[in-house]
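Quick note on this note's numbering: the sequence shown kicks off at 66 and runs consecutively.
Cβ atoms here follow ideal geometry from the backbone N, Cα and C, with glycine treated the same way.
For clarity, every value in this text was computed on a predicted model and none was experimentally measured.
Reading through the structure tokens given below for one structure.
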Amino acid sequence: MKQSVKAKRIARHKRRAANSGGKLNLVSLMDIFTILVFFLMINSSSDIQVLNQDGKIYLPVSLAETLPEETLVITVSVSDIIIGGRTIISRDDFSAFAGDVEPSVSEELKYQLSRSDGVNIQEPAVTIMADKDVPYAFLKKLMATCVDTGYTAVALAVNRKGDGKQAG
66 MKQSVKAKRI ARHKRRAANS GGKLNLVSLM DIFTILVFFL MINSSSDIQV LNQDGKIYLP
126 VSLAETLPEE TLVITVSVSD IIIGGRTIIS RDDFSAFAGD VEPSVSEELK YQLSRSDGVN
186 IQEPAVTIMA DKDVPYAFLK KLMATCVDTG YTAVALAVNR KGDGKQAG
């Protein structure tokens, strides 16, 4: 029996579909990758500076909008003072020192200043990361040691608070 034109066309269409294998819709795939690229670009913003903080240090909260520069970090832990990742002196020994400028901390700060390779040499900066319960007199003595050593810009690390949420 002879096939009609319509039947031949339908059979030809079925053969083509069977031979071509599966089709991949590239438009939807490109849409997904475009959205993924935009998401990664937005979330990889370099505006946020994260300081490595000990889990036992709870920083105070601030409403400041200005972002800090990357500087030498002095960490005041529960038991020690750590400068640039090196433990320098215990908190008890630092507190027991009678003067305003503690020599071992001052020596380490001078060493770190000599290693700075001329970066910010006009205004050397340091960031003090201490628990919110550290007494102000202790911080004042530490800041006086920093200023005496030559670090003219002393900053205190805080958690930035914005939109009712604590940043961290």
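Asked, Found
"So within the stretch 132-184, which uninterrupted alpha helix (DSSP H) runs reach at least 4 residues, ignoring any that extend past its ends?", "156-161 and 168-179"
"Taking the alpha-carbon of G164 as reference, which of L94, A218, A202 and T152 has the nearest alpha-carbon?", "A202"
"In this structure, does DSSP put N84 in helix, strand or coil?", "helix"
"Quick one: give me the first and last residue of the alpha helix (DSSP H) that V223 is part of.", "Run containing V223: none; DSSP gives neither H nor E here."
"Using a Cβ-Cβ cut-off of 6 Å (strictly less than) and excluding sequence neighbours within five positions of A190, which residues of its own chain qualify?", "T136 and A218"
"R80 to M106, Cα distance in whole Å?", "45 Å"
"Once DSSP output is grouped into helix, strand and coil, what is the label at V191?", "strand"
"Report back the beta-carbon spacing between T192 and V141 to the nearest angstrom; my notes put them in contact at under 8 Å.", "With 8 Å as the limit, T192 and V141 do not qualify as a contact, their Cβ atoms being about 11 Å apart."
"Taking its Cβ as the centre, do 16 or more other Cβ atoms sit within 10 Å of K205, making it buried, or is it exposed?", "exposed"
"Give the DSSP-derived three-state secondary structure of K73 in the structure shown.", "helix"
"Alpha carbon to alpha carbon, how far is I97 from F103? Give it in angstroms, no decimals.", "10 Å"
"Starting from the C-beta of K175, find all residues in its chain whose C-beta is less than 7 Å away, skip the five residues before and the five after it, and write them out in chain order.", "T214"
"Along the chain, where does the alpha helix (DSSP H) that runs through K206 open and close?", "Y201 to T214"
"Given a cut-off of 7 Å on the beta-carbon distance, is the pair I146 and I154 in contact?", "yes"
"Considering just the uninterrupted stretch of the alpha helix (DSSP H) at D196, what are its terminal residues?", "Taken as a continuous stretch (DSSP letters only), D196 belongs to no alpha helix (DSSP H), as it is neither H nor E."
"Taking only three categories from DSSP, how would you classify L89?", "coil"
"Straight-line CA distance for K73 to S93?", "33 Å"
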